[in-house]
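Trainee:
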Amino acid sequence: HDQLRRSAEQTLERDPLSRLIIISNRVSAPTDSKSGAQGGLAVALSAALREYKGLWFGWSGEVTEKFSGHINFQRNHGVTTATVDLEEQDLEEYYNGYANRTLWPLFHYRIDLAEYERDFAGGYQRVNDRFADTVRPLIEADDIVWIQDYHMFPLGSALRKRGCRNRIGFFLHIPWPPRRLLAVLPEAAELVGHLFDYNVIGFHTDEWLESFCDYAVDELGAAREGDTLTLGDRTLEVMANPIGIDTTEFVEASRSPTARLAYRRMRDSAVGRDLIVGVDRLDYSKGLEERFLGYERFLQEHPEERKEVFLLQIAPPSRGGVESYQKIRTTLEGLSGRINGAYADVDWVPIRYVNQGYPRDQLAGIYRAARIGLVTPLRDGMNLVAKEYVAAQDPEDPGVLILSRFAGAAAQLGEGAVLVNPYSAEEISDAIVVALKMPRDERIARWRAMMANVEAQDVRWWRKRFTDVLIGSGEAAETLPSS
Ligand code: GDG
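Each residue of the sequence shown is one higher than the one before, counting from 59 in full-length UniProt numbering.
Shown next, in the form of structure tokens:
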């Protein structure tokens, strides 16, 4: 690894002009970064691209009658974006289908929700081939190519078939499931086989990395030596590379006039009560149902605390075209209604459940006003909300982060957060009590431990670490004898 890094540094010095081509399902221009509900991926990549020449390619989000491959170029704040429209059938089979009805649930350990349709798999491959046809002519000889996330597993392979010899890396933003769970997917072996056409694959944590290696070694017969896997004549480097937030920007956001206003508004409406906050895309992987049940347990078991707190759950809807997302929405409406009906009083409502997104600055102010950040996904690749909550706190009087053991972020923030099993209503209830009673000194000590990590391992650190290894891997591959 050291050797790779050294060679990466030398390469960077010799070759400062290689461009970076980022490819992801959706492209989000950097101007958008302060408004609306953006996924973690979008927030991270606009920050990374600001520092590079190059290009960001992906789907426009628009549907056209017949796929034409026409590319729409735009330039915003020094970042060039290139997007294409897809057909209705692509949207159904590739995006709503294979990506969000097959891979997303399966990779979040929900084999009960995953659907296995040949049409989905076919549409997924077709769209990846379309992306490859369209983006191939934009890639120049020295460019490095960085492909993002589960929508695009086979894209590297499709580019190789079209003669692309560039260094191509892949980063997975979601968990990698255990070997025996993945084996449920009919195309699993083929899909993992494709991944050997990348030079480097990054995961958030060692746990996801190890699960990937298990599958590659035990099911495909790959050979492993440290972080290098070999399958036939192809060699792949794997790395654990936890994503961070733009910490400096977020700390600033939490002190902006908008944030101060949002902070005041929250405090005033709390009339002396402690605010517990949750912020999540409306997704079954985020454990919202279990979170509400845990909070209900807390209300049941601690009548004396009841009117001292309230829970604000911000949950902007996402993936409305997929049935399981419509269902979770209905479930949560019922559950919050039931809990409020059972416990509310004329001057107090236990849960404020909000289905809309807020601008980032405002969100930062809300985090800062919250005595507890309640982040309890059942499974999460990383979880950036946990890091944002930490970054937004007042260093003199910080709140407490309650964090799921099953979020990638627990590997980095576990020292300072109160960790819980999100499936256990009792553990969530107990953790709320612990957090409410925690003395200021302990809150400060725990916050400092977390903030040190959020500052050191921010989004720039993440990007540089990945691109360094990617650049080095190309060099290494050229000098290795082929096996
Ligand atoms: C995937 C992986 C991984 C949410 N509501 C609002 C809003 N948000 C922003 C948050 C945060 C982002 O969306 C959510 O990021 P997460 O990391 O929590 O979750 P996913 O969207 O599932 O992201 C995840 C991530 O990719 C990066 O690799 O961490 O594990 O699932 O930034 O602040 N932003 C605004 N208003 C909202 O109402 N402005």
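Think of the CB as a built atom: it goes at the ideal place given N, C-alpha and C, for glycine as much as any other residue.
I'd like the list of long-range same chain contacts for R322, defined as Cβ closer than 7 Å, with 5 residues on each side in sequence excluded.
Mentor: So no residue of the chain qualifies.
Trainee: Going straight from the alpha carbon of L340 to that of D291, what length do you get?
Mentor: When rounded, the distance between both Cα atoms is 43 Å.
Trainee: Taking the alpha-carbon positions, what's the G260 to D403 distance?
Mentor: Approximately 50 Å between the Cα atoms of the pair.
Trainee: Check this for me: beta carbons of E145 and F178, under 8 Å apart or not?
Mentor: No, Cβ-Cβ distance for E145 and F178 is not below 8 Å.
Trainee: Using the three-state DSSP reduction, which class does G530 fall into: helix, strand or coil?
Mentor: It is helical.
Trainee: My assumption, with CB atoms under 8 Å, is that L78 sits in contact with T525. Please give the rounded CB distance.
Mentor: L78 to T525, Cβ: 7 Å. Contact.
Trainee: Using alpha carbons as the reference points, say which of A489, G127, I372 lies closest to Y416.
Mentor: When only C-alpha atoms are compared, the closest one is I372.
Trainee: Indicate whether the contact test is met: 3 or more Cβ pairs, each with one atom in the segment 213-230 and one in the segment 242-254, closer than 8 Å.
Mentor: Taking 8 Å as the limit for Cβ pairs, the verdict is that the segment 242-254 does touch the segment 213-230.
Trainee: Counting only runs of 3+ residues fully inside the segment 204-240, write out the beta strand (DSSP E) ranges in chain order.
Mentor: 225-229, all fully within the segment 204-240.
Trainee: With H, G and I counted as helix, E and B as strand and the rest as coil, what does DSSP make of L315?
Mentor: The amino acid at residue 315 is misidentified as Leu; the sequence shows Pro. Correct three-state label for P315: helix.
Trainee: State the Cα-Cα distance for the pair Q147 and R159, rounded to the nearest angstrom.
Mentor: Near 15 Å, if we compare the C-alpha coordinates of R159 and Q147.
Trainee: Jot down the residue ranges of each uninterrupted alpha helix (DSSP H) in the segment 445-499, minimum 4 residues, whole runs only, in chain order.
Mentor: Runs found: 468-471, 483-495.
Trainee: Among R318, A320, S327, W266, which has the Cα closest to the Cα of N299?
Mentor: Comparing Cα-Cα distances from N299 to each of R318, A320, S327, W266, the minimum goes to W266.
Trainee: Hey, how far is the Cα of R506 from the Cα of R426?
Mentor: For R506 and R426, the distance between alpha carbons rounds to 15 Å.
Trainee: Closer than 7 Å to a non-hydrogen atom of the ligand GDG - does that hold for the CB of D438?
Mentor: Yes, Cβ of D438 sits closer than 7 Å to a heavy atom of the ligand GDG.
Trainee: Looking at C-alpha atoms only, which residue of E248, I303, M297 is the closest neighbour of R277?
Mentor: Note on identity: in this sequence residue 277 is Glu, with Arg being the wrong assignment. When each option's Cα is compared against that of E277, the closest is E248.
Trainee: Cβ atoms of F368 and R410: under 8 Å apart, would you say?
Mentor: Contact: yes.
Trainee: Sorted by chain position, which residues of the same chain lie with C-beta nearer than 8 Å to residue 542's C-beta, five sequence neighbours on each side aside?
Mentor: The structure shown does not extend to residue 542, since the chain spans only 59 to 541, so no value can be given for it.
Trainee: Hey, out of E173, S462, G474, N154, whose CA is closest to A510's CA?
Mentor: Here the closest residue by C-alpha is G474.
Trainee: In the DSSP assignment, find the beta strand (DSSP E) that holds S118 and state where it starts and stops.
Mentor: 112-122 is the span of the beta strand (DSSP E), which, as asked, contains S118.
Trainee: Report the residue from Y273, C222, T263, G119 whose alpha carbon sits nearest the alpha carbon of L240.
Mentor: Answer by Cα proximity: Y273.
Trainee: Using C-beta distances below 8 Å, list every residue in its chain close to L538, excluding the 5 sequence neighbours before and after it, in chain order.
Mentor: Here L538 scores only 42 on pLDDT, less than 50, and its place in the model should not be relied on; the value that follows carries that caveat. Answer for L538: T293, listed in chain order.
Trainee: With DSSP collapsed to three states, give me the class of E295.
Mentor: In the structure shown, E295 sits in a strand (DSSP, three-state: E or B).
Trainee: Looking at P235 and Y156, is the spacing between their C-beta atoms short of 8 Å?
Mentor: For Y156 and P235, no; Cβs fall outside 8 Å.
Trainee: Quick one: does the C-beta of V337 sit closer than 7 Å to a heavy atom of the ligand GDG?
Mentor: At least one heavy atom of the ligand GDG is nearer than 7 Å to the Cβ of V337, so yes.
Trainee: So does L421 have its beta carbon nearer than 7 Å to some heavy atom of the ligand GDG?
Mentor: Yes, the beta carbon of L421 sits closer than 7 Å to at least one heavy atom of the ligand GDG.
Trainee: At what residue ranges does the segment 330-408 contain a whole run of the beta strand (DSSP E), taking only runs of 3 or more?
Mentor: You should have 332-337, 367-372.
Trainee: Hey, would you say the C-beta of H231 is under 7 Å away from at least one heavy atom of the ligand GDG?
Mentor: Under cutoff, so the answer is yes.
Trainee: If you count every other CB in all the chains shown that lies within 10 Å of the CB of H366, and 16 or more means buried, which is it?
Mentor: According to the sequence displayed, residue 366 carries Glu and not His. Result: exposed.
Trainee: Near T389, which residues of its chain fall below 7 Å by C-beta distance, leaving aside the five closest residues on each side in sequence?
Mentor: Correct list, in chain order: E347.
Trainee: Answer with buried or exposed for K445, where buried requires no fewer than 16 other C-beta atoms within 10 angstroms of its C-beta.
Mentor: Looking at its Cβ environment, which holds 16 or more other Cβ atoms inside 10 Å, K445 is buried.
Trainee: Between the C-alpha atoms of I207 and R225, what's the straight-line distance to the nearest angstrom?
Mentor: Strictly speaking, residue 207 in this sequence is Asp, with Ile absent from that position. Roughly 17 Å between the two C-alpha positions.
Trainee: Taking 8 Å as the threshold, find out whether the segment 430-439 comes into contact with the segment 450-470 through three or more Cβ pairs.
Mentor: In short, these stretches touch, since the Cβ pair count reaches three.
Trainee: By the DSSP assignment, the alpha helix (DSSP H) with Q183 in it spans what residues?
Mentor: 176-193 is the extent of the alpha helix (DSSP H) around Q183.
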